[in-house]
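Undergrad: Dropping the structure in here first, questions after.
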Ligand SMILES: Nc1ncnc2c1ncn2[C@@H]1O[C@H](COP(=O)(O)OP(=O)(O)O)[C@@H](O)[C@H]1O
Ligand SMILES: [Mg+2]
């Protein structure tokens, strides 16, 4: 019998984050894998298992653990997806809103680079979007309407890695969330908010099933392949020129999209994992 660990964040208490590992554990056990949920800790690095579903974003633990067992997702993919600017760079050449990186600041007393502010204003115009590189659930994404607001936020975030991005007005309050498992799209929903430009479910965005077209499907499958992702949730924006990549989540929650589409995402992921582990050993998926 295979033994898996499902590693979650050391501190999380969130209901969402506790539901996700339980669902995956249930689906792995259905496939004959013994699965144990553990929190990130120094002891986690000593656990013996055949593989790990890594639901944390701790790139250090991920890299250390990867020397000992197969990780879903792999450490590199987790690291890239946890940083919106690294994701942008890794997906270079694919359709994305124009993006400018903030500049590393070692001296908090220095004023924000005027050159940066001027370039951001000239190229992106107002309103524009500012995102902290590490953020989720829409909480670290801001709409900036004028030069004064830009200067203020640039000053506030001077010590925090962030990016400036063209605002895609056609997509205001809506986006497309797509789940890719094992290189294939398994579920898609359109998310809409009536009260905010951000359509995150956590901020009140509601989901509806979306019949994904060939263009969005091919784009999402290319993203997953390029980033070596076994599992991901991709956000696409709707623009006049077609889909634009908003961000890629290596640990996307699947609760809402399962409810909206009726797709058992946890099962699809567990089946992909078990078949990957078996095929690495030259065996077929147990039925
Ligand atoms: N450039 C943009 N133009 C318009 N809306 C955007 C843009 N970037 C993000 N959004 C909106 O904000 C939401 C949150 O942004 P996202 O990059 O996905 O961050 P998070 O990781 O917090 O979900 C998106 O789902 C989308 O609705
Ligand atoms: Mg998002």
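Numbering (our numbering), first residue to last: 484 to 770. For each residue, glycine too, the CB sits at the ideal point set by N, CA and C.
Taking 7 Å as the cut-off, is the C-beta of residue 566 nearer than that to any heavy atom in ligand 2?
TA: No - ligand 2 has no heavy atom lying nearer than 7 Å to the Cβ of residue 566.
Undergrad: Do residue 752 and residue 507 count as a contact pair if the criterion is CB distance below 8 Å?
TA: Yes.
Undergrad: Three or more beta-carbon pairs under 8 Å between the region 675-689 and the region 722-730, yes or no?
TA: No, because fewer than three Cβ pairs between the region 675-689 and the region 722-730 fall closer than 8 Å, the two stretches do not touch.
Undergrad: Determine, using beta carbons only, whether residue 704 and residue 748 come nearer to each other than 8 Å.
TA: No, the Cβ-Cβ distance between residue 704 and residue 748 is not below 8 Å.
Undergrad: How many Å lie between residue 680 and residue 515 at the Cα?
TA: Approximately 44 Å, taken between the alpha carbons.
Undergrad: Is the beta carbon of residue 561 less than 8 Å from the beta carbon of residue 733?
TA: Yes, these two residues count as a Cβ contact at 8 Å.
Undergrad: State the Cα-Cα distance for the pair residue 770 and residue 610, rounded to the nearest angstrom.
TA: Because the pLDDT at residue 770 is just 49, under 50, the model does not fix this residue reliably, and the value given afterwards should be weighed accordingly. Near 53 Å, if we compare the C-alpha coordinates of residue 610 and residue 770.
Undergrad: Report the start-end ranges of each alpha helix (DSSP H) in the region 714-754 that is 4 residues or longer and not cut off at the edges.
TA: Here the runs fully enclosed are 738-744.
Undergrad: If distances are taken between C-alpha atoms only, which option among 649, 526 and 735 comes closest to residue 504?
TA: Out of 649, 526 and 735, 735 has the C-alpha closest to the C-alpha of residue 504.
Undergrad: Classify residue 770 as helix, strand or coil using the three-state DSSP reduction.
TA: In this predicted model, residue 770 has a pLDDT of only 49, less than 50, meaning its place in the structure is not dependable; the value taken from the coordinates is given anyway. Here residue 770 sits in coil by DSSP.
Undergrad: Just to confirm, does residue 658 get its C-beta within under 7 Å of one of the non-hydrogen atoms of ligand 1?
TA: Yes; taking the cut-off as 7 Å, the Cβ of residue 658 has a heavy atom of ligand 1 nearer than that.
Undergrad: How far does the alpha helix (DSSP H) with residue 540 in it reach, from first residue to last?
TA: Per DSSP, residue 540 belongs to no alpha helix (DSSP H) and is neither H nor E.
Undergrad: Inspect the beta-carbon positions of residue 686 and residue 738 and report whether they are closer than 8 Å.
TA: Against a cut-off of 8 Å, the Cβ pair of residue 738 and residue 686 comes out as no contact.
Undergrad: Using the Cα positions of residue 607 and residue 721, report the straight-line distance between them to the nearest angstrom.
TA: If you take the alpha carbons of residue 607 and residue 721, they lie about 18 Å apart.
Undergrad: If you draw a straight line from the alpha carbon of residue 589 to that of residue 665, how long is it in whole angstroms?
TA: Taking the straight line joining both Cα atoms gives about 41 Å.
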